[in-house]
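Chemist:
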Amino acid sequence: MWQIAKKSNGLQDSELVSKTRKASEKISENIYIVANDPSLAFYRIQEHVRKVIQPILDKRLEVIHLQNNLQGHCYDMEYSVGAIRGIENSEEFFRNIQELIKTSIFLKQQLKFS
Numbered sequence: 001m002w003q004i005a006k007k008s009n010g011l012q013d014s015e016l017v018s019k020t021r022k023a024s025e026k027i028s029e030n031i032y033i034v035a036n037d038p039s040l041a042f043y044r045i046q047e048h049v050r051k052v053i054q055p056i057l058d059k060r061l062e063v064i065h066l067q068n069n070l071q072g073h074c075y076d077m078e079y080s081v082g083a084i085r086g087i088e089n090s091e092e093f094f095r096n097i098q099e100l101i102k103t104s105i106f107l108k109q110q111l112k113f114s
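If you count the sequence shown from 1, position 4 lands on 4 in full-length UniProt numbering, and the numbers rise without skipping.
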């Protein structure tokens, strides 16, 4: 198949033919890999997406559920903070109530001993 004449440096025909075949096989293999590599890459990507999509969707649903829970807890905290601020503002009312109770106890005692 391959007929190559002898070189002047003494290389034999069979050695030259085998080296030429190896080189052409490597070139052919590289061309085949380059030609088919994009399709193999897309196949790997598709395979990866197919394996990962369900866990990602599960995590997304979990995050949505946690977000809803967190939002409810935030509303509860805001309500609690408002209630505490209301209690802080009612300090004057409690003092008035305390004074009225003291006055009523004093008046009761006066009525009892009079």
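Note that beta-carbon positions come from the ideal geometry of N, C-alpha and C, so glycine has one too.
1. Determine the extent of the alpha helix (DSSP H) in which SER18 is found, giving its start and end residues.
2. Reducing DSSP to helix, strand and coil, say where SER104 ends up.
3. Quick check: what's the CA-CA separation for ASN30 versus VAL49?
4. Measuring only the C-alpha atoms, how far is SER28 from THR20?
Modeler: According to the structure data:
1. What you label residue 18 is simply residue 18 of the sequence shown in a count that begins at 1. First-last of the alpha helix (DSSP H) with SER18: 13-89.
2. What you label residue 104 is simply residue 104 of the sequence shown in a count that begins at 1. In this structure, SER104 counts as helix in the three-state DSSP scheme.
3. As a first step, residue 30 must be located in the sequence shown, where it is residue number 30. As a first step, residue 49 must be located in the sequence shown, where it is residue number 49. Cα to Cα, ASN30 sits roughly 28 Å from VAL49.
4. Along the sequence shown, one-based indexing puts residue 28 at 28. Along the sequence shown, one-based indexing puts residue 20 at 20. Straight-line Cα distance between these residues: approximately 12 Å.
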